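Notes follow once the structure below has been shown.
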Amino acid sequence: MHNLTWSPRDAGFFGVAAGPFSVGGVLSADGVSVDSDEATALAGLPGRRVAYRVARHQPRRQDEGGWQPERTWTEVGDLLFVPGDEQNVRVGYRVDEKDAELRETFARMLDRVEVRRDD
């Protein structure tokens with residue numbers, strides 16, 4: 308599997324990955340609820356774009372800086388899946404739903420993604 312991820316401020320991530328994953332694998336995770344699931348085509352390749360939410364919980368924990376409080380939040384994700392012959396491609400992001408600025412930045416990045424097949 309190949310994976311490139313950009314994570315500014317540890318506030319979420321935008322990533323591009325190729326591997327044996329599927330839409331079903333993402334949607335079957337605990338706490339995931341789907342906002343939209345649409346068929347799409349890029350460069351003549353069939354795909355799916357899935358927007359979702361996932362509830363997160365981090366119990367109180369101790370790290371090198373001391374005790375960190377318990378935390379509960381919701382992350383939103385938007386993923387583009389394009390199936391391939393040997394590997395599938397996944398492009399998208401997941402970010403805390405309260406971080407509107409980063410969410411908008413990631414959404415604009417995903418809207419401008421181009422997928423090409425070089426045969």
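Per the numbering used here, the sequence shown starts with residue 308, numbered consecutively. Backbone N, C-alpha and C fix where the C-beta goes; we use that ideal spot for every residue, glycine too. Bear in mind the structure is a predicted one, so any value in this text is a computation, not a measurement.
Asked                                                                                                                                                   : Found
Beta carbon of A362: closer than 7 Å to some heavy atom of the ligand ZN?                                                                               : Looking for the ligand ZN in the displayed structure turns up nothing, as the structure carries no ligands at all.
Determine, using beta-carbon pairs with one atom in the region 333–345 and one in the region 414–421, whether at least three such pairs fall under 8 Å. : no
Nearest CA to the CA of E393: which residue from W374, G326, G322, R355?                                                                                : G326
Any idea if L387 is buried or exposed, counting beta-carbon neighbours within 10 angstroms, 16 or more meaning buried?                                  : buried
Can you tell me where the alpha helix (DSSP H) with E408 in it begins and where it stops?                                                               : 407–418
So, at 8 Å on beta carbons, what are the nonlocal neighbours of N491 in its own chain, with the 5 sequence-adjacent residues on each side left out?     : This structure does not reach residue 491, given that the chain is present from 308 up to 426, and the question cannot be answered.
In the DSSP output, which residue or residues are listed as bridge partners for P353?                                                                   : A348
So, are the CB atoms of V420 and V402 less than 8 Å apart?                                                                                              : no
Comparing alpha-carbon positions, which option in L409, G351, Q375, V361 lies nearest A258?                                                             : Nothing about residue 258 can be read from this structure; the chain reaches only from 308 to 426.
Thinking C-beta only, is E377 closer than 8 Å to D363?                                                                                                  : Sequence inspection shows Arg at residue 363; the Asp mentioned does not correspond to that position. No, these two residues do not count as a Cβ contact at 8 Å.
By a C-beta neighbour count over all protein chains shown, 10 Å radius and 16 as the cutoff for buried, is R356 buried or exposed?                      : buried
DSSP three-state label for V422, please.                                                                                                                : coil
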